[in-house]
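For the sequence shown, the working numbering begins at 2 and goes up steadily by one.
Cβ atoms here follow ideal geometry from the backbone N, Cα and C, with glycine treated the same way.
Computed from a predicted model, the values in this text were never measured in an experiment.
Each remark here refers to the structure printed beneath this line.
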Amino acid sequence: MSNPGSETGGQTRKRVALFLDGTWNTVGDNTNVWRLKALCAARSNDGARQVVYYSKGVGTNFGEKVRGGMLGYGLDRAITEVYEWLVEAYEPGDEIFIFGFSRGAYTARSLAGFIAKCGLLRPGAALGVAQLFERYRKDDTVPTIRQLAEMPAPVAAKLGLEERWMLADAMPVPIKMVGVWDTVGALGIPFGNIPGLSRSGFKFLHTGLRVPLENAYHAVAVDEHRQAFAPTLWTKKIRDGVPANELAAPRPIASVEQRWFVGAHANVGGGCRSDLLAQRPLQWLMQKAEGHGLAFRGTVEPGADMLRAAISDSFREFAWGLYAKAKLNHPFYRIIGEPPRLFPGGHDEIVNETIDASVFDRWRADAAYRPQNLADWARRYSVDPAALTRPVLTHEPSHEVAA
2 MSNPGSETGG QTRKRVALFL DGTWNTVGDN TNVWRLKALC AARSNDGARQ
52 VVYYSKGVGT NFGEKVRGGM LGYGLDRAIT EVYEWLVEAY EPGDEIFIFG
102 FSRGAYTARS LAGFIAKCGL LRPGAALGVA QLFERYRKDD TVPTIRQLAE
152 MPAPVAAKLG LEERWMLADA MPVPIKMVGV WDTVGALGIP FGNIPGLSRS
202 GFKFLHTGLR VPLENAYHAV AVDEHRQAFA PTLWTKKIRD GVPANELAAP
252 RPIASVEQRW FVGAHANVGG GCRSDLLAQR PLQWLMQKAE GHGLAFRGTV
302 EPGADMLRAA ISDSFREFAW GLYAKAKLNH PFYRIIGEPP RLFPGGHDEI
352 VNETIDASVF DRWRADAAYR PQNLADWARR YSVDPAALTR PVLTHEPSHE
402 VAA
C-alpha cells in the first residue's frame with residue numbers, strides 16, 4: 002500500500018478545506034465557518050491549488066428543525082456526505098483541513114475519526130461508503146486501516162473479505178488540521194436507545210485525537226450557560242501506576258490547543274448580528290490554518306470595540322425563554338481548568354487548555370464582566386485576571402503561550 006504523497010514525490014498536490022456549519026446554520030447566518038470558507042484563496046502561497054467544500058448545518062430544513070437540531074437526526078448522513086465528496090476530490094499528496102462549528106464541529110471531529118479508523122476509499126472501490134461507515138460504528142475491537150496495513154502477511158492472509166477489500170480499496174491518509182469552534186456533544190435527549198433520535202445511538206462516533214490528525218485547535222466559549230450545549234473537549238487517558246515515560250501516547254499533543262474566548266456559543270462560532278466577539282476566535286483559527294499552509298484572501302482584525310461588545314444571553318433567549326424556565330432560571334457554568342475525571346484504573350486530562358488574552362483584556366476594560374467560572378478558576382489558581390496580559394495555560398497560569 003503506497004503512502005499518501007509517494008506518488009507526487011512528497012509534494013503537495015492541493016489543499017482540501019472542508020467547512021461544516023452548526024445546527025440550523027446556513028450561509029446567511031454569517032458564521033465563522035462560512036466566513037473562513039469565503040476567505041479561502043484559490044491557491045496557497047506555494048502555488049498549490051485550494052479546493053473547498055461547505056455543508057450547512059444539521060436541521061436547516063423545516064422538517065429537520067426539531068429532529069436535527071434537538072435530537073441529532075441526520076448527523077451520520079452529514080458525515081458520509083462529506084466523506085463521499087472527499088473520495089472524489091482527494092489525490093495522494095493532498096493536505097486535508099477540516100473546520101466546524103457547534104454540532105458541525107462534532108461532525109468535523111467525527112469525520113476525522115472515520116478517516117483515521119477506516120481510511121479513505123479510492124474512487125471506484127468495491128467497498129461502499131455505507132458499508133465502511135457500518136464498520137466505523139463498531140467498537141475498537143475492529144482493526145483500524147493502519148493496523149490492517151501493518152499486519153504480518155500470514156495474519157493478513159486470514160482476514161475476512163471486508164478487511165481484504167479495505168486493504169485493497171482504502172488508504173490511510175493524514176489530516177493536516179482540524180479547527181473547530183465550540184464543539185457541542187449534545188446529540189439528543191435521553192429517551193434511551195431510539196435509533197436516529199437519542200444520544201445513545203451516537204456513542205460510536207470517534208471525536209478524539211487519533212494518530213493521523215496532525216494539528217488540532219478548538220475555540221471554546223466562556224459565557225455559554227446552556228447545559229445542553231456543554232462543550233466536548235479533547236482529553237487524554239492516564240493509567241494509574243504506569244510511569245509517564247512508559248505511556249504509549251496515541252499521538253503527540255504539542256500540536257493541540259483548546260482556547261477559551263469571551264462570549265456565548267454563537268459569539269465564538271459566529272452567527273449573531275453585528276457581532277464583534279466572533280472576530281477574535283475567527284482570527285485565531287485562521288492564523289493557525291495559515292501556519293499550516295492554508296492561504297486566505299484577506300485578514301481579520303478584531304478592533305478595540307470588541308472589549309465592550311454585547312454578549313448573547315443564549316440561556317434566556319433559547320427556545321423563546323422556555324429552556325431557562327425548564328432549568329428554573331439556574332444557568333450552567335462551564336468549568337475552566339476542570340480537574341481530571343476519574344475512571345476505573347486511571348483518569349482523563351483535558352489536553353492543552355488555554356485562555357486567550359482577550360478574556361483578560363475584557364476583565365480589565367469592563368468592570369461588569371466577572372464570569373463565575375473565570376472567577377472560580379482565578380481563585381483555584383490564586384491569580385488575578387486583571388494582571389494577565391498574555392494567553393496562559395489553565396492548569397499552569399504562570400506559563401504563557403503564543404498568541
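For this session: Drop a sphere of 10 angstroms on the beta-carbon of residue 395, count the other beta-carbons inside from all chains shown, and report buried for 16 or more, exposed for fewer.
Result: buried
Exercise. At which residues does the beta strand (DSSP E) containing residue 220 begin and terminate?
Worked result: Per DSSP, residue 220 belongs to the beta strand (DSSP E) from 217-222.
For this session: Using beta-carbon positions only, say whether residue 282 and residue 368 come within less than 8 Å of one another.
Result: no
Problem set entry | residue 163: first and last residue of the uninterrupted alpha helix (DSSP H) it sits in | Where residue 163 is concerned, the enclosing alpha helix (DSSP H) stretches over 162-170.
Exercise. Should residue 355 go down as buried or exposed, given a rule of 16 or more other Cβ atoms within 10 Å for buried?
Worked result: buried
Problem set entry | Rounded C-alpha distance that separates residue 140 from residue 349 | 20 Å
Exercise. Expressed to the nearest angstrom, what Euclidean distance is found between the alpha-carbon atoms of residue 40 and residue 304?
Worked result: 19 Å
Exercise. Measuring CA to CA, which of 338, 103, 158, 17 is closest to residue 89?
Worked result: 17
Problem set entry | Beta-carbon proximity check, residue 183 vs residue 293, cutoff 8 Å | Against a cut-off of 8 Å, the Cβ pair of residue 293 and residue 183 comes out as no contact.
Problem set entry | Endpoints, alpha helix (DSSP H) assigned at residue 82 | 76-90
Problem set entry | Bounding residues of the beta strand (DSSP E) (the contiguous stretch that carries residue 180) | 178-182
For this session: Kindly identify the DSSP beta-bridge partner or partners of residue 257.
Result: 217
For this session: Have a look at 317, 321, 120, 46 and flag the residue whose alpha-carbon is nearest the alpha-carbon of residue 333.
Result: 317
Exercise. Any idea what DSSP makes of residue 359, helix, strand or coil?
Worked result: helix
Exercise. What's the C-alpha gap between residue 185 and residue 34?
Worked result: The straight-line gap from Cα to Cα measures roughly 15 Å.
Exercise. Helix or strand or just coil, what does DSSP make of residue 134?
Worked result: helix
For this session: With DSSP collapsed to three states, give me the class of residue 49.
Result: coil
Exercise. Thinking C-alpha only, which one of 176, 152, 170 is nearest residue 111?
Worked result: Of 176, 152, 170, the residue nearest in Cα terms is 176.
Exercise. To the nearest angstrom, how far is it from the Cα of residue 372 to the Cα of residue 276?
Worked result: Cα-Cα distance, rounded: 19 Å.
Exercise. When DSSP labels each residue in this structure, what does residue 124 get in the three-state scheme?
Worked result: coil
Exercise. Between the stretch 163-171 and the stretch 114-132, do three or more beta carbon pairs fall short of 8 Å?
Worked result: yes
Problem set entry | Distance between residue 87 and residue 1 (C-alpha atoms, nearest Å) | Outside the shown range of the chain, which is 2 to 404, sits residue 1, and nothing can be said about it.
Exercise. The beta strand (DSSP E) with residue 398 in it runs from where to where?
Worked result: 397-401
For this session: Spatial neighbours of residue 319 within its chain, please: CB distance less than 8 Å, with the 5 preceding and 5 following residues excluded, ordered by chain position.
Result: Only 227, 325 meet the Cβ criterion.
Problem set entry | Where residue 108 falls: helix, strand or coil (DSSP) | helix
For this session: Determine the DSSP secondary structure at residue 367, reduced to helix, strand or coil.
Result: If DSSP states are grouped into helix, strand and coil, residue 367 belongs with coil.
Exercise. In whole angstroms, what is the alpha-carbon distance linking residue 273 and residue 310?
Worked result: One C-alpha to the other measures close to 12 Å.
For this session: State buried or exposed for residue 70, treating a residue as buried only when at least 16 other CB atoms are found within 10 Å of its CB.
Result: The pLDDT assigned to residue 70 is 45, lower than 50, so where the model puts this residue is not dependable, and the model offers no usable value.
Problem set entry | CB of residue 37 within 8 Å of CB of residue 100, strictly | yes
Exercise. Helix or strand or just coil, what does DSSP make of residue 21?
Worked result: When DSSP states are grouped into helix, strand and coil, residue 21 belongs to the strand group.
Problem set entry | Whether residue 147 touches residue 94 by CB criterion (8 Å) | No, the pair does not count as a contact, with Cβ atoms beyond the cut-off.
For this session: State the start and end residues of the unbroken beta strand (DSSP E) segment that holds residue 266.
Result: Not the beta strand (DSSP E): residue 266 falls in the alpha helix (DSSP H), residues 266-270.
For this session: Using three-state DSSP, classify residue 283 as helix, strand or coil.
Result: helix
Exercise. Going by C-alpha distance, which of 75, 48, 393, 117 is nearest residue 258?
Worked result: Out of 75, 48, 393, 117, 393 has the C-alpha closest to the C-alpha of residue 258.
Problem set entry | residue 377: first and last residue of the uninterrupted beta strand (DSSP E) it sits in | It is not in any beta strand (DSSP E) - residue 377 instead sits in the alpha helix (DSSP H) that spans 373-381.
Exercise. How many angstroms separate the CA atom of residue 338 from the CA atom of residue 159?
Worked result: Straight across, the Cα-Cα distance linking residue 338 with residue 159 is about 48 Å.
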